[in-house]
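Report on one structure; see the data block that follows.
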Amino acid sequence: MPYMMGPLLILKFGCAGLFSTMYFKRYVKNEQFAMLGGLLYAFCGFSIYNIFFNHFHEPLIFFPLMLISLDDLMEKGSHGSFALAVALNALINYFFFFGEVVFIIIYFFVKVACKSYHWKFSRFLQVLFEAVLGFLMSFVLMLPSAMSVMQNSRVKNFPSGFDVWLYYSRERIPAIINSFLFPPELPSKQILLPDANTKWTSLSAFIPIFSVSGVISFMQVKKHDWLTHFLRILILMALIPGLNALYVAFNSSYYARWFYMLSLMLILATVRAMDRGVEERIQHNALIILFIILAIVLAIALTPQFEDGKFQRLG
24 MPYMMGPLLI
34 LKFGCAGLFS
44 TMYFKRYVKN
54 EQFAMLGGLL
64 YAFCGFSIYN
74 IFFNHFHEPL
84 IFFPLMLISL
94 DDLMEKGSHG
104 SFALAVALNA
114 LINYFFFFGE
124 VVFIIIYFFV
134 KVACKSYHWK
144 FSRFLQVLFE
154 AVLGFLMSFV
164 LMLPSAMSVM
174 QNSRVKNFPS
184 GFDVWLYYSR
194 ERIPAIINSF
204 LFPPELPSKQ
214 ILLPDANTKW
224 TSLSAFIPIF
234 SVSGVISFMQ
244 VKKHDWLTHF
254 LRILILMALI
264 PGLNALYVAF
274 NSSYYARWFY
284 MLSLMLILAT
294 VRAMDRGVEE
304 RIQHNALIIL
314 FIILAIVLAI
324 ALTPQFEDGK
334 FQRLG
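Using this note's numbering, you'd call the opening residue of the sequence shown number 24 and step up by one each time.
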């Protein structure tokens with residue numbers, strides 16, 4: 024069985040690239056940029072970080088299908104595919120599905136508010152019906168899983184007090200910001216910010232090659248686009264503990280298991296920026312990001328460490 028890990032990962036990376044490319048093609052004119060986006064998604068920081076948790080890749084692979092089917096339902100009135108996509112994602116991983124529901128609800132209403140979706144109450148009822156139908160179709164596994172999970176003491180461990188608004192670790196927010204700028208560290212070992220307490224949390228939103236240069240460029244040229252507003256909401260939710268907990272069933276323990284969805288939107292912004300021909304702006308922002316990365320590395324490297332009042336080392 025261990026010998027199957029390599030071929031299975033190849034298959035998973037391939038399917039993640041394929042399904043995300045299908046989603047990106049809907050938003051770009053040049054299909055080559057959609058293929059580039061598929062590669063970026065398949066090998067994004069979240070995907071590489073979670074090679075150890077190999078069962079985390081399935082939600083990453085099939086989640087774009089839920090967005091594709093929702094877009095088809097709202098834009099073309101397609102029937103049935105959204106219900107099947109909901110059932111598939113719910114059956115694959117019930118824990119990740121909880122976060123996907125939160126994401127889809129925000130995604131839907133942001134696109135409606137920005138008039139990216141043409142609002143029809145009858146269409147909204149159809150979305151609601153297919154969502155419920157897909158959820159019911161998954162009950163063959165969802166119900167026993169939910170009954171088992173409800174017996175876990177951690178389910179009732181909700182964030183409270185100021186823990187809803189502020190992370191208890193002062194290094195947590197810098198670690199979240201770093202996750203956009205640096206490739207993922209080993210899940211078992213934190214190097215840049217060792218006191219952030221983010222081991223095994225799937226904290227990575229790194230986009231290969233581009234980092235966030237394409238995202239910033241897109242948000243600069245498309246300030247009122249639905250995706251710009253959506254990314255602002257997602258980033259804000261990542262920085263506030265209580266909002267981040269919405270994606271992990273209100274668990275007070277910190278996890279970034281939903282960052283594959285955030286990464287998908289970051290990559291969508293990147294390929295849309297490339298599709299609009301703003302390469303010079305992307306290069307300019309990349310230089311600024313490089314300067315910021317160097318400043319962070321130097322600040323960490325030159326930080327003095329003391330023990331019992333005696334200087335030990337730098338960094």
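No residue lacks a Cβ here, since even glycine has one placed at the ideal position from N, Cα and C.
These figures come from a predicted structure and were not determined experimentally.
For Glu123, the enclosing alpha helix (DSSP H) starts and ends at Tyr117 to Ala136. Here the C-alpha atom of Val244 lies approximately 28 Å from the C-alpha atom of Leu266. In the structure shown, the three-state DSSP call for Glu208 is coil. Cβ contact annotation for Lys52 (same chain, cutoff 7 Å, sequence separation greater than five): Asp298, in chain order.
Non-local beta-carbon contacts of Leu41 in its own chain, meaning distances under 7 Å to residues more than five positions away in sequence, involve Gly61 in chain order.
For Leu215, there is no enclosing beta strand (DSSP E), as DSSP marks it with neither H nor E. For the segment 235-305, the full-length alpha helix (DSSP H) segments reaching 4 residues or more read 236-244, 249-262, 264-267 and 282-298 along the chain.
Residue state for Pro182 is assigned as coil, using DSSP reduced to three classes.
Secondary structure at Phe47: helix, using DSSP grouped into helix, strand and coil.
Beta-bridge partners assigned by DSSP to Glu330: Lys333. In the structure shown, His141 adopts coil according to DSSP, grouped into three states. Measuring C-alpha to C-alpha distances from Leu93 to each of Pro82, His80 and Ala108 identifies Ala108 as the nearest. DSSP places His102 in the coil class of the three-state scheme, outside both helix and strand. One thing to note: Phe314 has its Cβ no nearer than 9 Å to the Cβ of Ala228. Apart from sequence neighbours up to five positions away, the residues of its chain that approach Tyr130 with a beta-carbon distance below 8 Å are Leu90, Leu93 and Phe253, ordered along the chain.
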